[in-house]
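Visitor: First, the structure itself, so that you have it in front of you.
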Amino acid sequence: MVKLLLFGYGNPGRGDDGLGPELIARIARLRLDDVECQNDMQLQVEHVTDLAGCDRVLFVDADISCAEPFEISGIRPEKDGSYTSHAMSPTALLHAYSQVYGKDAPPAFLLRIRGYDFELGDPLTDKAYANLDAATQLVAKLCAAASPEIWRIKSEAPLNVT
Amino acid sequence: MEQNITPSPNLRRVAIDPVTRVEGHGKITLLLDDNNHIHEARFHIVEFRGFEKFIQGRPYREVPFIVQRLCGICPVSHQLAAAKAVDQLVGVERLTPTAEKLRRLLHFGQVLQSHALHFFHLSSPDLLFGFGSDPAQRNIVGVLDKYPELALKGVKLRKYGQQIIAAISGKRIHGTATVPGGMNKPLTVTERNALLADIKDILAWTQDALALNEQIHTAHPEHAGFATLRSNFLSLVGSGGELELYHGGLRARAADGSSIFDQFDYRGYQDILREEVRPWSYMKFPYLVGLGKQQGWYRVGPLARVNNCDSITTPLAEAGRKRFREFGRGGFVHDTLAYHWARMIEALHCAESIQELLHDPDITGTDLVADPGEKRREGIGVIEAPRGTLFHHYQIDEQGLITKANLIVSTTSNNQAMNESVRSVANEYLDDHQLTEGLLNHLEVAVRAYDPCLSCATHAMGKMPLQVELFDATGALVSKLTRSATDVCE
Chain A
1 MVKLLLFGYG
11 NPGRGDDGLG
21 PELIARIARL
31 RLDDVECQND
41 MQLQVEHVTD
51 LAGCDRVLFV
61 DADISCAEPF
71 EISGIRPEKD
81 GSYTSHAMSP
91 TALLHAYSQV
101 YGKDAPPAFL
111 LRIRGYDFEL
121 GDPLTDKAYA
131 NLDAATQLVA
141 KLCAAASPEI
151 WRIKSEAPLN
161 VT
Chain B
1001 MEQNITPSPN
1011 LRRVAIDPVT
1021 RVEGHGKITL
1031 LLDDNNHIHE
1041 ARFHIVEFRG
1051 FEKFIQGRPY
1061 REVPFIVQRL
1071 CGICPVSHQL
1081 AAAKAVDQLV
1091 GVERLTPTAE
1101 KLRRLLHFGQ
1111 VLQSHALHFF
1121 HLSSPDLLFG
1131 FGSDPAQRNI
1141 VGVLDKYPEL
1151 ALKGVKLRKY
1161 GQQIIAAISG
1171 KRIHGTATVP
1181 GGMNKPLTVT
1191 ERNALLADIK
1201 DILAWTQDAL
1211 ALNEQIHTAH
1221 PEHAGFATLR
1231 SNFLSLVGSG
1241 GELELYHGGL
1251 RARAADGSSI
1261 FDQFDYRGYQ
1271 DILREEVRPW
1281 SYMKFPYLVG
1291 LGKQQGWYRV
1301 GPLARVNNCD
1311 SITTPLAEAG
1321 RKRFREFGRG
1331 GFVHDTLAYH
1341 WARMIEALHC
1351 AESIQELLHD
1361 PDITGTDLVA
1371 DPGEKRREGI
1381 GVIEAPRGTL
1391 FHHYQIDEQG
1401 LITKANLIVS
1411 TTSNNQAMNE
1421 SVRSVANEYL
1431 DDHQLTEGLL
1441 NHLEVAVRAY
1451 DPCLSCATHA
1461 MGKMPLQVEL
1471 FDATGALVSK
1481 LTRSATDVCE
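Chains as they are written, first to last, in our numbering: chain A, 1 to 162; chain B, 1001 to 1490.
Set out below in structure tokens:
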């Protein structure tokens, strides 16, 4: 079986920023075989070790500017400026993976769920919940897909899939 | 140190907005006079969301978990400082041995991973390649290219610190490690053994990192004078004057090493510290009351702690401290870039302490919560967070709801020092009114030495673009340099 890593990141204490970890929590409760669920507040360089041994990675993040309810796309390693911060982008993390391990990072995808309010202490907004529901359904289907075909279709270009 | 902040017709303003490789969104404004000398340097914050206000009305039991939301970098430090305050609210004076050791282990793991991130990921590019080297190389990717083994050690040190946090907290983020008067879950023997399996490597790598930082600082005389200030230092110390990260008395010493106060009970911090508000920054300016606003500013963090303490309880770090003091000829080392060196002394101390604790039979004990005592309406917790002394102060009503909160975070304590370091560097490196990549990075190197966390300092979540603006004496924009989140200067 293909081992899939689901990695959500964001701060659950800041409104819709918690969409990523919340989706991961929902999927984790399904206890799916060969699906590893991880989350953290921010992506950092040590997370390359989480990628090791995985055949495919799906990063899940909240986004204030993507289409509703979400967008999913394939991502490739990219050297960007995020390594100069206390937080990294998923593309920079993939790049760091290849630097650390001397081989290509596993195929990776980024699911951006539309959020609206990122204020300290706020809960998820109603609209974000609706987007989360739609995104959860998609991820559950993707996790169940034995064939990589569905991943390819979903990630050919940034899509808003319902 | 206070400068006239009213721009005159003969002054020009340079703004650098914000600073990269720090957590949050900062901005540097330089005010020049007609001779292109720095009249004033301001390192300030452009975003604010009040945490102290937000937490009012919440039950005190929730506080250690809510405060973790302040920051993605040091949530454990906030949790532990708040937990110490909550211990007082429930009348617990002393934790069980297992609970205290678990908290210390958690704290050492947090400091280790934070220090590792700062050196290996954020500062090593400047230190290994030089401040003026090609920006395309001067980053962690460049380090991965040229020093892959070193970079990998950094990754693994980070990972190890996170493993400790996850083992004790139960999960990676927003764990529930602490409860009022103790800890929530024991460390199992299996978890302990898993952590012990890697500790020898961790010790070796932190020794290597200390040796490298020591070599870099001593081999580059120019580092000694870069952004260097003579300042007061504030930190916790243990009862014997030893380095203490979790609990102790407050010690402040002047630049010449003389004592300002020592073994001060931090629950009385308001008697010795004040916070000045300045209209141009959301970040406050704390000062030592006894010295006043002008002379009372101070530095916190690794440089303050290693200078301030009389000893370190673990042998390898103590040997490192002695070499550090020899470099300072027995006195304080005031070099701002020596923050990096001191940080690695502490990282080694953390690794040694983790090893000791993992071998301590108490660490897998199950007596986790002390009996509560008489409840109080006020609790004050202080801890040495990776970036320096961290104060959490809460008051509650009869229902146990928070009525007042005050946080003094490490970066706020270093606020004036960062301003002074910026002014020092700008005076030396600003060439006419040209904004160059080199100038930008020199300024950033000075700020980065403090490892500021602007999210904590303003209690807000930060953003990371960079913008520099140069204004003439009339306020008109003369030139602009922008570094975006993708590190493109235009």
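Yeah, the Cβ is synthetic: ideal placement off N, Cα and C, and Gly gets one too.
Here the structure is a predicted model, which means the values were calculated and not measured.
(1) Ends of the alpha helix (DSSP H) at Gln1207/B?
(2) Whose C-beta lies closer than 8 Å to the C-beta of Val1517/B among residues of the same chain, with five residues either side of it excluded?
(3) Who pairs with Pro1059/B in a beta bridge, going by DSSP?
(4) Which class does Ile1038/B belong to by DSSP, given the choice of helix, strand or coil?
(5) Any residues in the segment 42 to 58 of chain A with a beta carbon nearer than 8 Å to a beta carbon of chain B? Which ones, in chain order?
(6) With three or more beta-carbon pairs closer than 8 Å as the criterion, would you say the segment 1361 to 1372 of chain B touches the segment 1243 to 1258 of chain B?
(7) Please tell me whether Phe1054/B has its Cβ less than 8 Å away from any Cβ of chain A.
(8) According to DSSP, is Ile1028/B part of a helix, a strand, or is it coil?
(9) For Asp1271/B, count neighbouring C-beta atoms within 10 Å of its own C-beta (all shown protein chains included) and say buried if the count is 16 or more, exposed if not.
(10) Going by other Cβ atoms of all chains shown within 10 Å of its Cβ, with 16 needed for buried, is Thr1020/B buried or exposed?
(11) Touching or not, the segment 134 to 142 of chain A and the segment 91 to 105 of chain A, by the rule of three or more beta carbon pairs under 8 Å?
(12) Run through DSSP, which three-state label would Arg31/A get?
(13) Short of 8 Å in beta carbon distance, which residues of its chain neighbour Pro1372/B, apart from the five on each side in sequence? Order them along the chain.
(14) What span of residues does the alpha helix (DSSP H) with Val1189/B cover, start to end?
(15) DSSP three-state call for Phe118/A: helix, strand or coil?
(16) Could you name the residues of the segment 114 to 126 of chain A whose beta carbon sits closer than 8 Å to any beta carbon of chain B, in the order they occur along the chain?
(17) Quick check on the burial criterion: 16 or more other C-beta atoms within 10 angstroms. Buried or exposed for Thr1228/B?
(18) How is Arg1299/B classed by DSSP in three states: helix, strand or coil?
(19) Measure the CB-CB distance between Gly10/A and Ala62/A and report whether it falls below 8 Å.
(20) Taking the alpha-carbon positions, what's the Gln1110/B to Val1076/B distance?
(21) For chain A, find out if any of its Cβ atoms is closer than 8 Å to the Cβ of Gln1162/B; answer yes or no.
(22) Taking Pro106/A and Asp33/A to be in contact with their CB atoms under 8 Å, please state how far apart those CB atoms are, rounded to whole angstroms.
(23) If you run the structure through DSSP and keep just helix, strand and coil, what is His1359/B?
(24) In chain A, which residues lie less than 7 Å from Lys1159/B when you measure between Cβ atoms?
(25) Output needed for Asp1310/B: all residues of its chain with C-beta closer than 6 Å, excluding positions within five of it in sequence on either side, in chain order.
(26) Are the CB atoms of Asp16/A and Gly115/A within a distance shorter than 8 Å?
(27) Quick check on the DSSP output: the alpha helix (DSSP H) that includes Asp1262/B runs from which residue to which?
(28) At which residues does the alpha helix (DSSP H) containing Val100/A begin and terminate?
(29) Give the interface partners of Pro1148/B over in chain A, defined as CB-CB distance under 9 Å, in chain order.
(30) Nearest CA to the CA of Ala1449/B: which residue from Ser1124/B, Phe1051/B, Val1086/B, Ile1038/B?
(31) Does Thr1096/B pass the burial test, meaning 16 or more other C-beta atoms within 10 Å, or should it be called exposed?
(32) Step through the CB atoms of chain B and report whether any lies within less than 8 Å of the CB of Ala96/A.
(33) Taking only beta-carbon atoms, is Tyr1339/B less than 8 Å away from chain A?
(34) Could you check what DSSP says for Pro1286/B in three-state terms: helix, strand or coil?
(35) Which bits of chain B does Asp63/A rub up against, with CB to CB less than 9 Å?
(36) What ranges does the beta strand (DSSP E) occupy inside the segment 1368 to 1403 of chain B, keeping only unbroken runs of at least 3 residues that lie completely in it?
Guide: The structure says:
(1) Locating residue 1207/B in the second sequence gives position 207, where the first residue counts as 1. Gln1207/B -> alpha helix (DSSP H) spans 1199 to 1219.
(2) For chain B, the structure presents residues 1001 to 1490; residue 1517/B sits outside this window and is missing.
(3) Within the second sequence, numbered from 1, the residue matching residue 1059/B stands at position 59. For Pro1059/B, which the question treats as bridged, DSSP gives the partners Leu1401/B.
(4) Here residue 1038/B refers to the residue found at position 38 of the second sequence. Correct three-state label for Ile1038/B: strand.
(5) Gln42, Gln44, Val45, Glu46, Val48, Thr49
(6) no
(7) The residue you call residue 1054/B lines up with position 54 of the second sequence. Closer than 8 Å to some Cβ of chain A, the Cβ of Phe1054/B qualifies, so yes.
(8) The sequence position of residue 1028/B within the second sequence is 28, counting from 1. DSSP, read as helix, strand or coil, puts Ile1028/B in strand.
(9) The residue labelled residue 1271/B in the question sits at position 271 within the second sequence. So Asp1271/B counts as exposed.
(10) What you label residue 1020/B is simply residue 20 of the second sequence in a count that begins at 1. Per-residue confidence for Thr1020/B stands at a pLDDT of 46, beneath the threshold of 50, marking its modelled position as unreliable; the derived number appears in the next sentence. That one is buried.
(11) no
(12) One-based indexing of the first sequence puts residue 31/A at position 31. Coil at Arg31/A, not helix or strand.
(13) Residue numbering aside, residue 1372/B sits at position 372 when the second sequence is read from its first letter. Closer than 8 Å at the Cβ level, and outside the excluded window around Pro1372/B, lie Val1090, Gly1091, Val1092, Pro1180, Gly1181.
(14) Against the second sequence, residue 1189/B aligns to sequence position 189. Unbroken alpha helix (DSSP H) run through Val1189/B: 1189 to 1196.
(15) As a first step, residue 118/A must be located in the first sequence, where it is residue number 118. Look at Phe118/A here: in three-state DSSP terms it is coil, with no helix or strand label.
(16) Phe118, Glu119, Leu120, Gly121
(17) Along the second sequence, one-based indexing puts residue 1228/B at 228. The residue is buried, with at least 16 neighbouring Cβ atoms inside 10 Å.
(18) Stepping through the second sequence from its first residue, residue 1299/B is reached at position 299. The answer is strand: DSSP assigns Arg1299/B an E or B state.
(19) Translated into positions along the first sequence, residue 10/A becomes position 10. Translated into positions along the first sequence, residue 62/A becomes position 62. It is a contact, given that the beta carbons lie within the stated cut-off.
(20) As a working mapping, residue 1110/B is identified with position 110 in the second sequence. As a working mapping, residue 1076/B is identified with position 76 in the second sequence. Each residue's alpha carbon lies about 7 Å from the other.
(21) One-based indexing of the second sequence puts residue 1162/B at position 162. Output row for Gln1162/B: interface = yes.
(22) Working through the first sequence from its first residue, we reach residue 106/A at position 106. Working through the first sequence from its first residue, we reach residue 33/A at position 33. That pair is no contact at about 18 Å.
(23) For the purposes of this step, residue 1359/B is taken as the residue at position 359 of the second sequence. Of the three classes helix, strand and coil, the one that applies to His1359/B here is helix, per DSSP.
(24) Within the second sequence, the letter at position 159 stands for residue 1159/B. Ordered by position in chain A, the residues that pass the 7 Å Cβ test against Lys1159/B are Glu46, Thr49.
(25) Walking along the second sequence from the start, residue 1310/B turns up at place 310. The residues are Gly1241.
(26) Numbered from 1 along the first sequence, position 115 holds the residue referred to as residue 115/A. Numbered from 1 along the first sequence, position 16 holds the residue referred to as residue 16/A. In this structure, Asp16/A lies closer than 8 Å to Gly115/A by Cβ.
(27) The sequence position of residue 1262/B within the second sequence is 262, counting from 1. Careful: Asp1262/B lies outside any alpha helix (DSSP H), inside the beta strand (DSSP E) at 1259 to 1264.
(28) Residue numbering aside, residue 100/A sits at position 100 when the first sequence is read from its first letter. Element bounds for Val100/A: 90 to 101.
(29) Locating residue 1148/B in the second sequence gives position 148, where the first residue counts as 1. In chain order: Gln99, Val100, Gly102.
(30) Working through the second sequence from its first residue, we reach residue 1449/B at position 449. Taking only the C-alpha atoms, the option nearest Ala1449/B is Ser1124/B.
(31) The residue labelled residue 1096/B in the question sits at position 96 within the second sequence. Looking at its Cβ environment, which holds 16 or more other Cβ atoms inside 10 Å, Thr1096/B is buried.
(32) Stepping through the first sequence from its first residue, residue 96/A is reached at position 96. Answer yes: the Cβ-Cβ gap between Ala96/A and chain B drops below 8 Å somewhere.
(33) The residue labelled residue 1339/B in the question sits at position 339 within the second sequence. Tyr1339/B does not count as touching chain A.
(34) In the second sequence, the residue the question calls residue 1286/B occupies position 286. Three-state result, Pro1286/B: strand.
(35) Here residue 63/A is taken as the residue at index 63 of the first sequence, counted from 1. The premise fails here: Asp63/A is roughly 14 Å from chain B at the closest Cβ pair, so nothing lies under 9 Å.
(36) 1378 to 1385, 1388 to 1396
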